[in-house]
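Just add 2 to wherever you are in the sequence shown, counting from 1, and you've got the numbering used here. Please read the structure below before turning to the comments.
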Amino acid sequence: MNEIEKNIRREFIHELISTHGAERTSLLPVLQEFQKKFGYIDGHSQQEIAFAMNIHPVEVNSIISFYSFLYESPRGRNTVRICRNIVCDFHGSNEIADAVRKEFKMNSGNTSGDGNITLEITNCFGLCDKSPSMIVNENVYEKIDKDSALKILRGL
Ligand code: FES
Numbered sequence: 003m004n005e006i007e008k009n010i011r012r013e014f015i016h017e018l019i020s021t022h023g024a025e026r027t028s029l030l031p032v033l034q035e036f037q038k039k040f041g042y043i044d045g046h047s048q049q050e051i052a053f054a055m056n057i058h059p060v061e062v063n064s065i066i067s068f069y070s071f072l073y074e075s076p077r078g079r080n081t082v083r084i085c086r087n088i089v090c091d092f093h094g095s096n097e098i099a100d101a102v103r104k105e106f107k108m109n110s111g112n113t114s115g116d117g118n119i120t121l122e123i124t125n126c127f128g129l130c131d132k133s134p135s136m137i138v139n140e141n142v143y144e145k146i147d148k149d150s151a152l153k154i155l156r157g158l
């Protein structure tokens with residue numbers, strides 16, 4: 003990230019803090035609005051937020067790590083969720099997730115090289131009787147297998 007981009011983010015952080023205040027209770031709305039504008043909360047901006055709110059950067063990072071809807075790295079245009087819990091795992095969800103990572107050449111953040119898909123491995127989303135299932139953005143696909151999952155995702 004170059005200095006111009008850092009300055010844009012720094013100015014926005016100060017705008018957010020002047021709107022929400024610098025108390026700890028303002029941290030979550032500041033992070034949410036920052037992410038809404040920039041898509042994710044990069045490490046440098048986490049430090050800027052911590053400095054501006056007079057809290058430790060570890061605290062900012064721990065909040066981002068705790069909430070699954072806050073992201074530290076760029077996200078794909080589509081979010082794919084595959085359950086990792088015992089019933090889905092028994093029915094092959096891990097193999098499906100591996101096939102998705104391989105097919106779409108995902109990086110360590112589980113986002114495809116073309117920025118189209120981010121894969122999230124989640125806890126049970128309550129569809130155990132139809133496992134393994136997959137949620138793509140708002141759409142649910144039940145009793146998938148490797149081939150059907152890849153076919154769905156190639157169409158995104
Ligand atoms: S264990 Fe996967 S949906 Fe419940």
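By construction, the Cβ of each residue, glycine as well, lies at the ideal position given by its N, Cα and C atoms.
Apart from the five residues on each side of it in sequence, which residues of its chain come closer than 7 Å, Cβ to Cβ, to Lys-8? Same-chain partners within the cutoff: His-46.
Within the same chain, show all residues whose beta-carbon is closer than 6 Å to that of Gly-124, passing over the 5 residues directly before and after it, in chain order. Note that residue 124 is Thr in the sequence shown, not Gly. Arg-83 and Cys-85.
Determine which residues share a DSSP beta bridge with Tyr-143 and list them. Met-136
Does ligand 1 have a heavy atom nearer than 7 Å to the CB of Ser-64? Ser-64: no, Cβ never under 7 Å from ligand 1.
Considering only heavy atoms of ligand 1 and the C-beta of each residue, which residues fall inside 7 Å, strictly closer? Cys-85, Asn-87, Ile-88, Val-89, Cys-90, Ser-95, Cys-126, Phe-127, Gly-128, Leu-129, Cys-130, Ser-133, Pro-134 and Ser-135
Three-way DSSP call (helix, strand, coil) for Met-108 in this model: strand
Please list the terminal residues of the continuous alpha helix (DSSP H) segment that includes Glu-13. 5-22
Would you be able to state if there are at least three C-beta pairs under 8 Å between the stretch 109-116 and the stretch 134-148? no
Residues bridged to Leu-121 by DSSP? Val-82
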